[in-house]
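Visitor: Chains A and B supply the protein sequences, listed in that same order.
Okay, so the first sequence: first residue is 185 according to the numbering used here, each after it adds one.
Okay, so the second sequence: first residue is 24 according to the numbering used here, each after it adds one.
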Amino acid sequence: MLSLLLKSMRSRIIPTSLVTISLMASMVLLLSIERIQQGTEEGFNQSISGVDAIIGPRSSSLELVLYTVFHLGRPTNNITTKTVNDIKQRSDISWLVPIALGDSHRGFRVIATQSNYFDHIKYGNNQSLIFLNGVAFSELSEAVLGSDVAERLNYNVGSEIQITHGSVESIGSKHDDFSFKVKGILKKTGTPIDQAIFLDLKGYELLHLGWMSGKKVFSLDDIDLSSLPAGALDPKTVTAAFVGLKSKITLFKFTKSIREYSKEAISAVIPGIALSELWSIVGLVDKGFQLLSWIIIAISLIAMVTLIIASLDNRKQEMTIYRANGASPKFLAIMVICESLVIGLVAIIGAIILVTIVTYFATNQLNLALGISPSFKWISLEEIKVFGLILFAGVLSSLVPAVMVFRKNLHQILS
Amino acid sequence: MLETLGLEYHYQHGKKIVFPEIKVKRGQRLLISGFSGCGKTTLLSLIAGALKLQAGDIKFDGINYSSMSSLLLDKFRADHIGYIFQTLNLIPFLSVSENIALGIRFSQSRKSKVNDLNQEITRLVKSLGLGKEVLTTPVNRLSVGQQQRVAVARALLGKPDLILADEPTSALDAETTKKFLNEVMDAFDSTKQAIIMVSHDASITHYFDTVIDLNKQHA
Numbered sequence: 185m186l187s188l189l190l191k192s193m194r195s196r197i198i199p200t201s202l203v204t205i206s207l208m209a210s211m212v213l214l215l216s217i218e219r220i221q222q223g224t225e226e227g228f229n230q231s232i233s234g235v236d237a238i239i240g241p242r243s244s245s246l247e248l249v250l251y252t253v254f255h256l257g258r259p260t261n262n263i264t265t266k267t268v269n270d271i272k273q274r275s276d277i278s279w280l281v282p283i284a285l286g287d288s289h290r291g292f293r294v295i296a297t298q299s300n301y302f303d304h305i306k307y308g309n310n311q312s313l314i315f316l317n318g319v320a321f322s323e324l325s326e327a328v329l330g331s332d333v334a335e336r337l338n339y340n341v342g343s344e345i346q347i348t349h350g351s352v353e354s355i356g357s358k359h360d361d362f363s364f365k366v367k368g369i370l371k372k373t374g375t376p377i378d379q380a381i382f383l384d385l386k387g388y389e390l391l392h393l394g395w396m397s398g399k400k401v402f403s404l405d406d407i408d409l410s411s412l413p414a415g416a417l418d419p420k421t422v423t424a425a426f427v428g429l430k431s432k433i434t435l436f437k438f439t440k441s442i443r444e445y446s447k448e449a450i451s452a453v454i455p456g457i458a459l460s461e462l463w464s465i466v467g468l469v470d471k472g473f474q475l476l477s478w479i480i481i482a483i484s485l486i487a488m489v490t491l492i493i494a495s496l497d498n499r500k501q502e503m504t505i506y507r508a509n510g511a512s513p514k515f516l517a518i519m520v521i522c523e524s525l526v527i528g529l530v531a532i533i534g535a536i537i538l539v540t541i542v543t544y545f546a547t548n549q550l551n552l553a554l555g556i557s558p559s560f561k562w563i564s565l566e567e568i569k570v571f572g573l574i575l576f577a578g579v580l581s582s583l584v585p586a587v588m589v590f591r592k593n594l595h596q597i598l599s
Numbered sequence: 024m025l026e027t028l029g030l031e032y033h034y035q036h037g038k039k040i041v042f043p044e045i046k047v048k049r050g051q052r053l054l055i056s057g058f059s060g061c062g063k064t065t066l067l068s069l070i071a072g073a074l075k076l077q078a079g080d081i082k083f084d085g086i087n088y089s090s091m092s093s094l095l096l097d098k099f100r101a102d103h104i105g106y107i108f109q110t111l112n113l114i115p116f117l118s119v120s121e122n123i124a125l126g127i128r129f130s131q132s133r134k135s136k137v138n139d140l141n142q143e144i145t146r147l148v149k150s151l152g153l154g155k156e157v158l159t160t161p162v163n164r165l166s167v168g169q170q171q172r173v174a175v176a177r178a179l180l181g182k183p184d185l186i187l188a189d190e191p192t193s194a195l196d197a198e199t200t201k202k203f204l205n206e207v208m209d210a211f212d213s214t215k216q217a218i219i220m221v222s223h224d225a226s227i228t229h230y231f232d233t234v235i236d237l238n239k240q241h242a
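1) Indicate whether the contact test is met: 3 or more Cβ pairs, each with one atom in the region 216-224 of chain B and one in the region 175-193 of chain B, closer than 8 angstroms.
2) Using a beta-carbon distance below 8 angstroms, is residue 579/A in contact with chain B?
3) State whether the region 474-490 of chain A contacts the region 575-585 of chain A, with contact taken as three or more CB pairs (one from each stretch) at a distance under 8 angstroms.
4) Counting only Cβ pairs nearer than 7 angstroms, list the residues of chain A close to residue 100/B.
5) Under a three-way DSSP split, which group does residue 547/A fall into?
6) Would the region 190-210 of chain B count as touching the region 122-130 of chain B if we require 3 or more Cβ pairs under 8 angstroms?
7) Would a check of beta-carbon distances place residue 242/B closer than 8 angstroms to chain A?
8) Just confirm the distance between the C-beta atoms of residue 215/A and residue 448/A, as a whole number of angstroms; I'd bet it's less than 8 angstroms.
9) Alpha helix (DSSP H) containing residue 272/B: first to last residue?
10) Using only CA atoms, which one of 425/A, 242/A, 463/A lies nearest to residue 300/A?
11) Any Cβ of chain B within less than 8 angstroms of the Cβ of residue 198/A?
12) Using 8 angstroms as the limit for Cβ to Cβ distance, is residue 153/B near chain A?
13) What did DSSP end up calling residue 599/A once you bin it into helix, strand or coil?
14) Provide the residue(s) that pair with residue 311/A in DSSP beta bridges, ordered along the chain.
15) Using beta-carbon positions only, say whether residue 147/B and residue 180/B come within less than 8 angstroms of one another.
16) Going along the chain, which residues of its own chain have a beta-carbon closer than 8 angstroms to the beta-carbon of residue 379/A, five neighbours each way excluded?
17) Counting only C-beta atoms, is residue 54/B closer than 8 angstroms to chain A at any point?
18) Between which residues of its own chain and residue 101/B is the CB-CB distance below 6 angstroms, once the five residues before and five after are set aside?
19) Give a yes or no on contact between the region 464-472 of chain A and the region 212-231 of chain A, applying the rule of three or more CB pairs nearer than 8 angstroms.
20) For chain A, is any of its Cβ atoms less than 8 angstroms away from the one on residue 97/B?
21) Can you tell me whether residue 515/A is buried or exposed, with buried defined as 16 or more other CB within 10 angstroms of its CB?
22) Comparing C-alpha positions only, which one of 79/B, 94/B, 67/B sits nearest to residue 108/B?
23) Comparing C-alpha positions only, which one of 98/B, 58/B, 50/B sits nearest to residue 72/B?
24) Is there a Cβ from chain A that is less than 8 angstroms from the Cβ of residue 116/B?
25) Please go through the same chain and pick out, in chain order, the residues whose beta-carbon is closer than 8 angstroms to the beta-carbon of residue 228/B, but skip the five residues on each side of it.
26) For the ligand GDP, is there a heavy atom less than 7 angstroms away from the beta-carbon of residue 220/B?
27) Could you confirm whether any beta carbon from chain A is found closer than 8 angstroms to the beta carbon of residue 125/B?
28) If we ignore side chains and look at the alpha-carbon of each, how far apart do residue 156/B and residue 506/A end up?
29) Considering only their Cβ atoms, is the gap separating residue 236/B from residue 192/B smaller than 8 angstroms?
30) So, does the CB of residue 146/B fall closer than 8 angstroms to a CB anywhere in chain A?
31) What residues match up with residue 185/A in a beta bridge as DSSP calls it?
32) Comparing C-alpha positions only, which one of 316/A, 589/A, 247/A, 383/A sits nearest to residue 295/A?
33) Can you confirm whether residue 226/B, when its beta carbon is compared against all beta carbons of chain A, has any partner nearer than 8 angstroms?
34) Please list, in chain order, the chain A residues whose beta carbon lies closer than 7 angstroms to that of residue 111/B.
35) Shorter than 8 angstroms from the beta carbon of residue 129/B to some beta carbon of chain A?
36) Please report the straight-line C-alpha distance between residue 575/A and residue 529/A, rounded to a whole angstrom.
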């Protein structure tokens, strides 16, 4: 029967393949949306790990996470080093890593921090940062690069880089009086860390010595660095601080007491909560797209059934000959159902291939836009269920033409 | 072999036809003639088991049609009857030999009567005056006469007991009709098979041993 069916379908190749393509395209749409959503969510959630709280100036927690974790947007305010040191003294704290943001190098954000950043900040499922080449900075003129930075700008350990004031390169904004030497390059993480340049906070402070209100007042060349008093390069303010607690049980108590800190308006954000808050906004848009693509699949299935019903009239001769040669109505009905199965299966196979290609490129785009790179996968159990559901819906709707064929009396066809 | 018993048919539009009793033996060639609308095709459909009996019965080798479900009748038709239409006998997207092979596609017993399918198809095609090359010719490039011969080959494949033909020559000219019928009658096995043909063409009666005129029955 299959060979008869395939030959019959081949004789109607143009409408059949158009319907198959539309079904396939709608499945590609649904799956791509689903995959990009999952990938983004996964990427979001894996972008920071091991950090119990992020302390920053009082603002929305979303904002704080966006610029500290994703390096998106710019900090509106800073917190004083004094406050940071105060918090560091607390007995419930295990470690604290301050960061200062604001500068960049050829489009990549600069994170000024301390070398213990590389010990405490984790990603994915509690994975530590690993140096692909070199080691962490130990002097104020040294830098560490994320893997994408090193790769795209073709830097190696030993390369010299200059930092731009702010995030956009323009004339006169360069800190061209001081260069940093690349000391280490991190292994790829699939998080925004890959697109960051890490400097020592003291080096960062040094860069800004001659600057006031975003303008260079005097050059570093005019200063004798050795004559600087001790503590001159300790920053007065930082953007935020990552915190690890001795015990997670005290987390909520900790954030509450940070909010109630009286000397400065600061807040503490729990990354997991902020990320899920962020996700609930992005996810809502995704849900809309998802609903839309299910509707498109339903339309494609209706188009398929319409095609089969419309073709029945043209296939009268074919059906009559089968029946006159002894084929039962059941045979014809099964043939009709199998046709929808064949269309469905071909569409699914095509969709899997296309979706794989689409997600490959989408993953690259996500990586460029957000710095996250979700793991690449072939097909998930969830997707097999979706395919099964679509196939089932296709077979179910093909019961309409199948019953039509089944009920048709042979004599009605003969005469 | 085949016998009709008090067959009647009421059409939905109110017309009623009472058919004459028909008895067909193996080797017999029966022509049912009459003007269009006299119920020739209806009678053929009843015999083919394609139309549900309303009154009366048909007995085929001792089996009553009225005792069989429509599913059994489909199987019965596949096993015992070869059917030839007036026109459009062939499936355009199948090759000529695939079209012929359809004759035994749905019948185990007819399949078992064919040892070498390709050889048998070639034999039938030759006996019907067609060259071997038609087997590879696309169906839509065959002439109507060739198409009807292919349809006959399909009806004969696997030696069904009864061949039913519904005006197979109506689309053929007189010369081709003559040739066609000669070949059909030669190819048909008069020891085992019977043929019932429906036609309004009075010029072909001499090919048949029995002629039933449905118009005369009504008169």
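All C-beta atoms in this analysis are idealised placements derived from N, C-alpha and C, irrespective of residue type, glycine included.
Guide: Taking the definition as stated:
1) Judged by Cβ distances under 8 angstroms, the region 216-224 of chain B makes contact with the region 175-193 of chain B, as three or more pairs qualify.
2) No, no contact with chain B.
3) At 8 angstroms Cβ cutoff, the stretches touch.
4) Here the neighbours are 510.
5) DSSP places residue 547/A in helix when its eight states are reduced to three.
6) Under the three-pair Cβ rule at 8 angstroms, the region 190-210 of chain B does not count as touching the region 122-130 of chain B.
7) Only weak support exists for where residue 242/B lies, its pLDDT of 40 falling under 50; the coordinates are left without a value.
8) Residue 448/A and residue 215/A do not touch by the CB rule: their CB atoms are close to 49 angstroms apart, not below 8 angstroms.
9) Summary: the structure shown does not reach residue 272/B, with chain B confined to residues 24 through 242, and so no result is reported for it.
10) It is 425/A whose Cα lies nearest to the Cα of residue 300/A.
11) At a cut-off of 8 angstroms between beta carbons, residue 198/A makes no contact with chain B.
12) Cβ-Cβ to chain A under 8 angstroms: no for residue 153/B.
13) Here the model assigns residue 599/A a pLDDT of 49, short of 50, so the residue's position is not dependable, and the following value carries that caveat. Residue 599/A falls in the coil class under three-state DSSP.
14) DSSP output for residue 311/A lists 307/A as bridge partner(s).
15) In this structure, residue 180/B lies closer than 8 angstroms to residue 147/B by Cβ.
16) Only 255, 292, 293, 330, 332, 333, 555 meet the Cβ criterion.
17) In terms of beta-carbon proximity, residue 54/B stays away from the interface with chain A, with every pair separated by 8 angstroms or more.
18) Taken in chain order, the residues that qualify are 129, 130.
19) In short, these stretches touch, since the Cβ pair count reaches three.
20) Closer than 8 angstroms: yes.
21) Buried, since its Cβ has 16 or more Cβ neighbours within 10 Å.
22) Of the listed residues, the one whose Cα sits closest to residue 108/B is 67/B.
23) Residue 72/B has its Cα closest to that of 98/B, out of 98/B, 58/B, 50/B.
24) Taking Cβ atoms only, chain A reaches closer than 8 angstroms to residue 116/B, which makes this a yes.
25) Only residues of its own chain outside the window of five on either side were considered, and among them 54, 56, 234 have a CB closer than 8 angstroms to the CB of residue 228/B, listed in chain order.
26) Although the ligand GDP was asked about, the structure shown includes no ligands whatsoever.
27) Answer yes: the Cβ-Cβ gap between residue 125/B and chain A drops below 8 angstroms somewhere.
28) Put simply, the backbone Cα of residue 156/B is about 25 angstroms away from that of residue 506/A.
29) Against a cut-off of 8 angstroms, the Cβ pair of residue 236/B and residue 192/B comes out as no contact.
30) Not closer than 8 angstroms to any Cβ of chain A, the Cβ of residue 146/B fails to qualify, so no.
31) Beta bridge pairing from DSSP links residue 185/A with no other residue.
32) Ranked by Cα distance from residue 295/A, the options 316/A, 589/A, 247/A, 383/A are led by 383/A.
33) Interface annotation, residue 226/B: not in contact with chain A, CB-CB separation never under 8 angstroms.
34) By Cβ distance, chain A contributes 501.
35) Cβ-Cβ to chain A under 8 angstroms: yes for residue 129/B.
36) Rounded to the nearest whole angstrom, the C-alpha separation of residue 575/A and residue 529/A is 7 angstroms.
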